[in-house]
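For reference, the structure discussed in these notes is given below.
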Amino acid sequence: MANENLDIDSKTAEELYEWYLDDKLIINRRYQRKLVWSLEEKTALISSMTQQYPIPLLLFVSIDNKREILDGMQRLEALMSFIEQRFSLNGKYFNLDAIALTKQLKDSGKLQQKEPVLSRESSTLIARYRFAISEYSSTEDHIDEVFRRINSNGKILSKQELRSAGCVSNFSELVRKISTIIRGDTTHSDIMGLNKIHNISICNDGLDYGINIDNHFYIRNHIISRPSIRDSDDEELVANILGYIFLDDKPTSGSTSLDTFYGEGSTSHAIHTRTQLENYIQTNGADKIVNNYLFVYEMIQKLFDANNLNFRSHILGNASSSQECPRYYQAVFLALYELIINENMQLDDEQKFIAQLGDSVQRSGNDSNLLIVFYVQIMPDDFVMQLHRF
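Sequential numbering of the sequence shown, starting at 99, is according to the numbering used here.
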């Protein structure tokens, strides 16, 4: 029996661009991955279109005369950005005179033609390229499950992206919210038009739009690398930290714990763990948890920036060859969280505290229980009790 909720069709790039201009293409950031395609990946797509190579099907959900993108966001954003002159193909920009829509925008001054210009023939070939599309209509729960299944077999998604695909819980939402605030790609609503998404894309080499994360605290301090942020390792870091804060039975950091947090496993222990995570959020309130997390994050950032120190070099020593140090950052964060948030203390001697952390891993003999090491080192004299933090 045919699926009446599924419609298979095809649309030209020009027709999709018209949807884009009319704000009919939307995304739901509740489950969509970050916009992270590199310039190389974007140009490869456009090159495939000029050569009429097949491109995977685009999947939409029909919602109130709009189409929410379930699969194909990166491809569609690349196409629209190429048409709107945000990047070139082999040094040449889409010819705005090739189609009526872009010519009208050019004539009205809303789009500026960049040079050198791609031939009208090649630009028209791109505009007339026909995409296979599938439009689906169903309930929100079914849409979540479709998205999860689409991505669960993905070959290019990171482990964290696979965990997040279709996972809707207070915990996963909290991790996403904190991570987007720290990265800087926050939006007022989870639902937004594709025609605005380029403003919050994670900028890559050769692209002059979106959010440039090269100056991000994590990257500057070699806590997490740029490719790792692309793979959502920053969200793994937040999830590991929150899991440790929330749970009475302190978990080890790693894939097994994260899989459990995000819904994998049906043992009594796994179910109890997820229940405890959700109960902690409901009891303490998401806003308070976010504020406490950001307070500690910003404190660490200010301490190292104000003293012109690099986190990795200061903690591991200049001789360290490690490119990243998320577990050391996590240990420092949790030690400070315990003192500042849970024990209501404040830093009394900033310089002494910074000095205590210097080469602390080498001095501790690379102790495997880093949290205890950092807690003991910074606890004695660097903090004093305070009555109220806010």
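Glycine is no exception: its CB is placed at the ideal position from the N, C-alpha and C atoms.
| Asked | Found |
| --- | --- |
| Mind checking if E334 is an interface residue toward chain D, Cβ cutoff 8 Å exclusive? | Of the protein chains in the structure, only one exists, and it is not chain D. |
| Find out if the Cβ-Cβ distance for the pair I309, G291 is shorter than 8 Å. | no |
| In angstroms, rounded to a whole number, what distance separates the CA positions of P424 and Q449? | 23 Å |
| When the Cα of R372 is compared with those of S270, I438 and S330, which residue comes out closest? | S270 |
| Return the first residue and the last residue of the alpha helix (DSSP H) that Y342 is part of. | D331 to F344 |
| How about S221 and F192: are their beta carbons less than 8 Å apart? | yes |
| Can you name, in chain order, every residue of its own chain whose Cβ lies under 6 Å from the Cβ of D107, other than the five neighbours on each side? | I231 |
| Helix, strand or coil: how does DSSP classify L194 here? | coil |
| Let me know the secondary structure DSSP gives A176 once reduced to three states. | helix |
| Flag this pair as touching only if the region 399-412 and the region 316-330 have three or more C-beta atom pairs under 8 Å; answer yes or no. | yes |
| Enumerate in chain order the residues of its own chain whose CB-to-CB distance from K109 is below 6 Å, with the five nearest sequence positions on each side excluded. | F229 and I231 |
| When DSSP labels each residue in this structure, what does A417 get in the three-state scheme? | coil |
| Less than 8 Å between the C-beta atoms of A111 and A198, yes or no? | no |
| Judging by CA-CA distance, which residue of Q211, E376 and T365 is the nearest neighbour of F344? | E376 |
| Between K208, H296 and Y360, which has its C-alpha nearest S267's C-alpha? | Y360 |
| Assign H314 to buried or exposed, taking buried as 16 or more other Cβ atoms, counted over all protein chains shown, within 10 Å of its Cβ. | buried |
| Assign F180 to buried or exposed, taking buried as 16 or more other Cβ atoms, counted over all protein chains shown, within 10 Å of its Cβ. | buried |
| Considering only residues of the same chain and omitting the five flanking positions on each side of I339, which have a CB-CB separation below 7 Å? | Q428, F431 and L432 |
| Per the DSSP calculation, T148 is bridged to which residue(s)? | For T148, which the question treats as bridged, DSSP gives no partner whatsoever. |
| State the start and end residues of the unbroken beta strand (DSSP E) segment that holds L157. | L156 to I161 |
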